[in-house]
Every structure is written in structure tokens, then in C-alpha cells.
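*Asks:* In terms of this note's numbering, the sequence shown opens at residue 4 and continues consecutively.
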Amino acid sequence: MTAFSRALVAAAVAISPAEHRPVRREQWQADLRDAADFGLSPTALAFGAFTTALFHRRGVRRTTWGETMTTAPFSKAATPHTIRTVPVLVRVAVLAILMTGPWLILQPNYGYESDLDRTVGVIGFWLLSYLVPGAAVTAAALLLPGSSPGRRRLGAALIAAAAVGAVVTPLVVPDSGWPVSILPAVLPSLLALAGWLVAIEAPRRGWLLLLVPLGVATLIESGALWVVVPIRLQPCIISLLGLAVVVAGLLAWRTARSSRGTRGEEHAATLVDRTA
Numbered sequence: 004m005t006a007f008s009r010a011l012v013a014a015a016v017a018i019s020p021a022e023h024r025p026v027r028r029e030q031w032q033a034d035l036r037d038a039a040d041f042g043l044s045p046t047a048l049a050f051g052a053f054t055t056a057l058f059h060r061r062g063v064r065r066t067t068w069g070e071t072m073t074t075a076p077f078s079k080a081a082t083p084h085t086i087r088t089v090p091v092l093v094r095v096a097v098l099a100i101l102m103t104g105p106w107l108i109l110q111p112n113y114g115y116e117s118d119l120d121r122t123v124g125v126i127g128f129w130l131l132s133y134l135v136p137g138a139a140v141t142a143a144a145l146l147l148p149g150s151s152p153g154r155r156r157l158g159a160a161l162i163a164a165a166a167v168g169a170v171v172t173p174l175v176v177p178d179s180g181w182p183v184s185i186l187p188a189v190l191p192s193l194l195a196l197a198g199w200l201v202a203i204e205a206p207r208r209g210w211l212l213l214l215v216p217l218g219v220a221t222l223i224e225s226g227a228l229w230v231v232v233p234i235r236l237q238p239c240i241i242s243l244l245g246l247a248v249v250v251a252g253l254l255a256w257r258t259a260r261s262s263r264g265t266r267g268e269e270h271a272a273t274l275v276d277r278t279a
């Protein structure tokens, strides 16, 4: 249990409805205290508690019998709250990527912008396309349930490096023709997806999903989409590569979870005594 985890749980309790606070404080502090015994991350549990406090604000459900009242939801053993945290962070990443196209459409036409307009436009593009999604997915990788801490940290480091590299690469790589021009866009995307695959402990077949962003980047850089999309909406094409990475990552996550469940069932089957 770290000071950061305790502070995050305290904040989660503070923003909870008043009638929830005593029970949530007791439950979440018990979760943190017992996290190490169950091989869980205290930080992940703390983030899950904070997410629950933000988005789960319904009244306490109670069961009654005569003159007594018991709190049914809290009579069970504490369970980790990270299941909801990762999807919330992924939605933040998707929303930021989807806003990239509208942001570019709102910018002044080329040749009519001031230096300030250009600076604000570029910074906004970096934030929406790379930095905000990168930060959200990096946090999601650190909070993944069912993965070892070492894999989560390595995957998160690769994703963070990809987000920074996506900003830096176009500044240091000289302009070139097709197909070399695809590299500044596709390499950070492949690195980010590879980091996610490492974090989720994807099976071998999951790594084939690296072909998804590669194919989308090829389609964009070849110019095939630019001739069929109206000029005013063409900035939205830029969002497709980031969305392809997210979709491929979600498919890989589902594949990894189903594969992990299958392995668990096979392991359980081997423990059955067949001699009886």
C-alpha cells in the first residue's frame, strides 16, 4: 500500500455520496490492505475506486427483513474495481482521436493563419492525436487486470515512447516520397500497438493485428481515400490510423482474455482425478 494509493482512495471516498462513504471507506481500505495477498496492484484498485466514485453514484441497495436492514452489495468479499477503469481510459483515447478531424477543420485556411493560429493548431493536433490518447492508453496498460506487473510496465513504457515519438519523428525525419513517407506515421503506431500487446500478454496470433494499422497507413499514404472523401472532410482521414490502432488493440485484448480463460479451463481439467 502506497501513500498515493491511500490518497486516491481518500479522494474517492470524499467525492462519494454521503450515505456511501462509511461502507466504501471500510471496503476500499480493506482492498488496499489485502491487495498484496491476492497478487493485485494497490494502485489499480485505487484508480478503480476513484472511477467508481465518479461514475457509480446510485443509492445503496438494501434488503429488509422485519425491522433489520442489511447492505446486500457489500456483504460479499471485496473485488477489484479495475474492470471499469480500463474501458473509461480507452474511451478517452477514442474521443480525443475523433476530435482531431474537427479540430483541423476549424483551423484557418493555409496562408491566412497567424503565427499564433499555427502554434495553437499544431499543439492541439499533437494533444488530440498523440499525447492525450497516449497518456490514456499508457494508464490503461498499467491498470490491466490479469497481466503481470513487469509486462504492464514494459507495455506502458512502449506506448508512452510511441506517443512522444509520433510528435518528434515528423520533425527529425526529412520529407520523402512513397513508400518511405509512410514511416513517420506508421512506426509510432506499430510501437504503441506492440506495447499494448506486451501489456495484455497477447497470444501469438494476436500479433497478426499489427497488420491492421500497417494496412490503414498504406491506404492513407497511397492517396486512395483522398479522392473519394469531400475536401472539407479530408482532415478526418488523419484520425483513421489512430482508430485502427485502438480497434486492433481491443480485438487483441478480447483474444488474450479468451485465450487466458481457455488455458485456465485446460489447467483445471488436468487436475481432475481420472483414476476414480
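Here a beta-carbon is modelled for each residue, glycine too, at the ideal position from N, C-alpha and C. From a predicted model like this one, the values you see are computed outputs, not experimental measurements.
1) From Ala44 to Ser8, what distance separates their C-alpha atoms?
2) Give, in chain order, every unbroken run of the alpha helix (DSSP H) that is at least 4 residues long and sits entirely within the stretch 148-230.
3) When the distance is taken between beta carbons, is Ala205 closer than 7 Å to Ala247?
4) For Ile234, tell me which candidate among Leu186, Ser192 and Leu107 has the shortest Cα-Cα distance.
5) So, Ala202 versus Ala166, is the Cβ gap smaller than 7 Å?
6) From Ala15 to Gln32, what does the alpha carbon distance come to, in whole angstroms?
7) For my contact list, Ser1 and Pro216 are in at a C-beta cut-off of 8 Å; report their separation, rounded to the angstrom.
8) Taking the continuous alpha helix (DSSP H) assigned at Ile234, which residues delimit it?
9) Are Leu131 and Thr103 closer than 7 Å when you measure CB to CB?
10) With a threshold of 6 Å on Cβ separation, who are the neighbours of Ala52 within its own chain once the five nearest residues in sequence on each side are excluded?
11) Pull up the distance between the alpha-carbon of Leu214 and that of Pro238, whole angstroms please.
12) How many Å lie between Gly42 and Gly127 at the Cα?
13) How long is the line joining the alpha carbons of Arg207 and Pro90, rounded to whole angstroms?
14) Is the CB-CB distance between Leu212 and Ala159 below 7 Å?
15) For chain C, find out if any of its Cβ atoms is closer than 7 Å to the Cβ of Pro152; answer yes or no.
16) Rounded to whole angstroms, what is the Cα-Cα separation between Val123 and Ala6?
17) Thinking just about the alpha-carbon of each residue, which of Ser261, Ser225 and Ser242 is nearest to the one in Ile100?
18) Verify whether the separation of the beta carbon atoms of Ala47 and Leu146 is less than 7 Å.
19) Should Pro111 go down as buried or exposed, given a rule of 16 or more other Cβ atoms within 10 Å for buried?
20) Suppose the cutoff is 6 Å on Cβ atoms and the five residues either side in sequence are ignored; what does the same chain contact list for Val95 look like?
*Replies:* According to the structure shown:
1) Here residue 44 is taken as the residue at index 41 of the sequence shown, counted from 1. Here residue 8 is taken as the residue at index 5 of the sequence shown, counted from 1. Reading off the sequence, residue 44 comes out as Ser, not Ala. The alpha-carbon separation between Ser44 and Ser8 amounts to approximately 10 Å.
2) Counting whole runs of 4 or more residues, the stretch 148-230 contains the alpha helix (DSSP H) stretches 152-175, 186-202 and 214-224.
3) Indexing the sequence shown from 1 puts residue 247 at position 244. Indexing the sequence shown from 1 puts residue 205 at position 202. The beta carbons of Ala247 and Ala205 sit no closer together than 7 Å.
4) Along the sequence shown, one-based indexing puts residue 234 at 231. Of the candidates Leu186, Ser192 and Leu107, the residue whose Cα lies closest to the Cα of Ile234 is Leu107.
5) Against the sequence shown, residue 202 aligns to sequence position 199. Against the sequence shown, residue 166 aligns to sequence position 163. Contact: no.
6) The residue labelled residue 15 in the question sits at position 12 within the sequence shown. The residue labelled residue 32 in the question sits at position 29 within the sequence shown. Answer to the nearest angstrom: the Cα atoms are 11 Å apart.
7) Here the chain comprises residues numbered 4 to 279, so residue 1 is not present and cannot be evaluated.
8) Walking along the sequence shown from the start, residue 234 turns up at place 231. No alpha helix (DSSP H) holds Ile234; DSSP gives it neither H nor E.
9) Indexing the sequence shown from 1 puts residue 131 at position 128. Indexing the sequence shown from 1 puts residue 103 at position 100. In this structure, the beta-carbon distance from Leu131 to Thr103 falls below 7 Å.
10) Counting from one through the sequence shown, the residue named residue 52 turns up at place 49. Val12, Ala15, Trp31 and His84.
11) Mapped onto the sequence shown, residue 214 falls at position 211. Mapped onto the sequence shown, residue 238 falls at position 235. C-alpha separation (whole angstroms): 23 Å.
12) By one-based count along the sequence shown, residue 42 stands at place 39. By one-based count along the sequence shown, residue 127 stands at place 124. Each residue's Cα considered, the two are about 40 Å apart.
13) Taking the first residue of the sequence shown as position 1, residue 207 is located at position 204. Taking the first residue of the sequence shown as position 1, residue 90 is located at position 87. Arg207 and Pro90 have their C-alpha atoms roughly 24 Å apart.
14) As a position in the sequence shown, residue 212 is number 209, starting the count at 1. As a position in the sequence shown, residue 159 is number 156, starting the count at 1. Contact flag unset, no.
15) No chain C appears in the structure shown, which is made up of a single protein chain.
16) Translated into positions along the sequence shown, residue 123 becomes position 120. Translated into positions along the sequence shown, residue 6 becomes position 3. So the alpha carbons of these two residues sit roughly 37 Å apart.
17) Along the sequence shown, read from residue 1 onward, the residue named residue 100 stands at position 97. When each option's Cα is compared against that of Ile100, the closest is Ser242.
18) On the sequence shown, position 44 is the one that residue 47 refers to. On the sequence shown, position 143 is the one that residue 146 refers to. Ala47 is a Cβ neighbour of Leu146, given a cutoff of 7 Å.
19) Taking the first residue of the sequence shown as 1, we reach residue 111 at position 108. Per the 10 Å Cβ criterion, exposed.
20) Taking the sequence shown and counting its residues from 1, one reaches residue 95 at position 92. By the criterion of a C-beta distance shorter than 6 Å, Val95 is surrounded in its chain by Ala139, once the five residues flanking it on both sides are discounted.
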